[in-house]
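Asks:
Structure representation (structure tokens):
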């Protein structure tokens with residue numbers, strides 16, 4: 346009887362140990378889920394679908410270039426409840442004197458600096474910007490000319506998406522680049538409200554653009570609009586948009602005028618932010634544990 350009692354005690358102790366282990370496991374799972382939820386909230390990740398889910402592909406986690414429709418599949422702040430003033434703490438990088446025609450790559454540098462990357466405009470222009478000769482390359486595929494030259498033209502959104510993606514990949518960054526060309530200005534403000542500056546195509550000093558030349562590239566007629574200019578949308582007031590302008594610094598422009606120039610330049614826009622959905626599951630768990 347004595348041995349039987351000891352056996353029962355041993356079984357009860359074993360069951361209690363298993364119960365404690367289960368409780369500890371559940372608590373640990375709750376901590377992990379809680380940490381993930383906090384991280385998602387911290388970065389305001391509201392996007393549930395993208396074109397590329399990089400599962401298991403840690404070498405290309407920055408390849409998240411998706412369409413405007415996919416990037417805006419979220420519940421943003423609406424214009425009806427938006428505040429009358431917003432300004433992100435962005436420091437503007439000026440393009441002159443080194444890059445007289447390099448507004449696009451300078452504006453991108455402003456965004457990258459805001460995101461915490463210590464890179465300068467010349468490094469971006471010399472090593473991460475694709476370039477081609479005037480009349481031989483489309484501004485949708487490369488910068489027409491060289492941003493260090495005064496007589497060069499410029500580049501459009503796909504070129505800067507590629508520059509940003511290459512740089513972020515070189516830094517093994519989890520940030521992703523989104524070409525949101527086609528978005529209306531109210532939608533761009535949603536990104537600003539979420540803490541994301543937006544690189545937009547406007548015109549120099551908000552002057553009216555004009556047709557200066559046309560090239561035939563690979564059988565396609567491409568018209569260049571003079572006064573093309575890129576800057577960074579960083580905030581707004583009741584009547585103005587606040588810009589980090591590579592030519593002028595931080596300044597404000599009339600809302601209606603900005604939207605008119607934006608439309609004339611094809612509603613081109615780019616935004617960069619972190620989303621954990623692009624990170625493979627093992628890396629995501631590691632990132633959350635580290636955080």
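In my numbering, the protein residues as written are 346 to 636.
Using N, Cα and C, we set each Cβ at its ideal position, and we do this for glycine too.
(1) Please report the distance separating the alpha-carbon of residue 488 from that of residue 536.
(2) Just how far apart, CA to CA, sit residue 433 and residue 451?
(3) On a CA-only basis, which of 445, 585, 510, 531 is nearest residue 494? Give me that one, please.
(4) Does the distance from the C-beta atom of residue 431 to that of residue 534 stay below 9 Å?
(5) To which residues of the same chain is residue 522 closer than 6 Å at the C-beta, ignoring the five residues directly before and after it?
(6) Near residue 437, which residues of its chain fall below 8 Å by C-beta distance, leaving aside the five closest residues on each side in sequence?
(7) Roughly how many angstroms separate the alpha carbons of residue 582 and residue 620, rounded to a whole number?
(8) Given a cut-off of 9 Å on the beta-carbon distance, is the pair residue 547 and residue 603 in contact?
(9) If you follow the beta strand (DSSP E) that residue 559 is part of, which residue opens it and which one closes it?
(10) Roughly how many angstroms lie between the CA atoms of residue 478 and residue 429, to the nearest whole one?
(11) Give the C-beta separation of residue 459 and residue 435 to the nearest angstrom, bearing in mind that I take them to be a contact with Cβ-Cβ under 8 Å.
(12) Quick one: does the C-beta of residue 566 sit closer than 8 Å to a heavy atom of the ligand MG?
(13) Hey, quick one: how far does the beta strand (DSSP E) through residue 547 stretch, first residue to last?
(14) What are the boundary residues of the beta strand (DSSP E) that includes residue 571?
(15) Just to confirm my understanding: we take residue 569, look at its own chain, exclude 5 residues before and 5 after, and list those with CB closer than 6 Å. What are they?
(16) Are residue 607 and residue 485 closer than 9 Å when you measure CB to CB?
(17) Counting only runs that start and end within the stretch 476–551, where is the alpha helix (DSSP H) found for 4 or more residues in a row?
(18) Measure how close the beta-carbons of residue 609 and residue 599 come, nearest whole angstrom, since I'm counting them as under 8 Å.
(19) Does DSSP put residue 451 in a helix, a strand or coil?
(20) Going by beta carbon distance, what residues of the same chain come within less than 8 Å of residue 467, once the five residues before and after it are set aside?
(21) Which residues does DSSP list as the beta-bridge partners of residue 599?
(22) Helix, strand or coil for residue 456 per DSSP?
Replies: The short version:
(1) Start at 1 with the first residue of the chain shown, and residue 488 comes out as number 143. Start at 1 with the first residue of the chain shown, and residue 536 comes out as number 191. Distance between the alpha carbons of residue 488 and residue 536 is about 26 Å.
(2) Along the chain shown, one-based indexing puts residue 433 at 88. Along the chain shown, one-based indexing puts residue 451 at 106. Those two C-alpha atoms are separated by around 18 Å.
(3) Residue mapping note: residue 494 aligns to position 149 of the chain shown, counting from 1. Closest by alpha carbon: 445.
(4) In the chain shown, the residue the question calls residue 431 occupies position 86. In the chain shown, the residue the question calls residue 534 occupies position 189. Against a cut-off of 9 Å, the Cβ pair of residue 534 and residue 431 comes out as a contact.
(5) Position 177 of the chain shown holds residue 522. Once the five neighbours on either side are set aside, the close Cβ partners of residue 522 are 410, 506, 509, 510, 617.
(6) The residue labelled residue 437 in the question sits at position 92 within the chain shown. Closer than 8 Å at the Cβ level, and outside the excluded window around residue 437, lie 455, 577, 589, 590, 591, 594, 595.
(7) Stepping through the chain shown from its first residue, residue 582 is reached at position 237. Stepping through the chain shown from its first residue, residue 620 is reached at position 275. Straight-line Cα distance between these residues: approximately 28 Å.
(8) To locate residue 547, count along the chain shown from 1; it is residue 202. To locate residue 603, count along the chain shown from 1; it is residue 258. In this structure, residue 603 lies closer than 9 Å to residue 547 by Cβ.
(9) In the chain shown, counting from the first residue as 1, residue 559 sits at position 214. Looking at the DSSP string, the run of the beta strand (DSSP E) that includes residue 559 is 555–562.
(10) Taking the chain shown and counting its residues from 1, one reaches residue 478 at position 133. Taking the chain shown and counting its residues from 1, one reaches residue 429 at position 84. Each residue's Cα considered, the two are about 45 Å apart.
(11) Mapped onto the chain shown, residue 459 falls at position 114. Mapped onto the chain shown, residue 435 falls at position 90. The pair is a contact, with the Cβ atoms about 5 Å apart (cut-off 8 Å).
(12) Only the bare structure without any ligand can be found here, which leaves the ligand MG out of the picture.
(13) Mapped onto the chain shown, residue 547 falls at position 202. According to the DSSP assignment, residue 547 belongs to the beta strand (DSSP E) that extends over 543–548.
(14) For the purposes of this step, residue 571 is taken as residue 226 along the chain shown, with counting starting at 1. Counting along the chain, the beta strand (DSSP E) containing residue 571 begins and ends at 565–571.
(15) The residue you call residue 569 lines up with position 224 of the chain shown. Excluding sequence neighbours, residue 569 sits near 498, 557, 558.
(16) By one-based count along the chain shown, residue 607 stands at place 262. By one-based count along the chain shown, residue 485 stands at place 140. No, Cβ-Cβ distance for residue 607 and residue 485 is not below 9 Å.
(17) 502–515, 530–538
(18) Here the question's residue 609 lines up with position 264 in the chain shown. Here the question's residue 599 lines up with position 254 in the chain shown. Actually they do not touch by this definition, with Cβ atoms about 15 Å apart.
(19) Taking the first residue of the chain shown as 1, we reach residue 451 at position 106. Reduced to three states, the DSSP call for residue 451 is helix.
(20) One-based indexing of the chain shown puts residue 467 at position 122. Closer than 8 Å at Cβ, skipping near neighbours: 443, 444.
(21) Working through the chain shown from its first residue, we reach residue 599 at position 254. Answer is 585.
(22) As a first step, residue 456 is located in the chain shown; it is residue number 111 there, counting from the start. Residue 456: helix per DSSP, three-state reduction.
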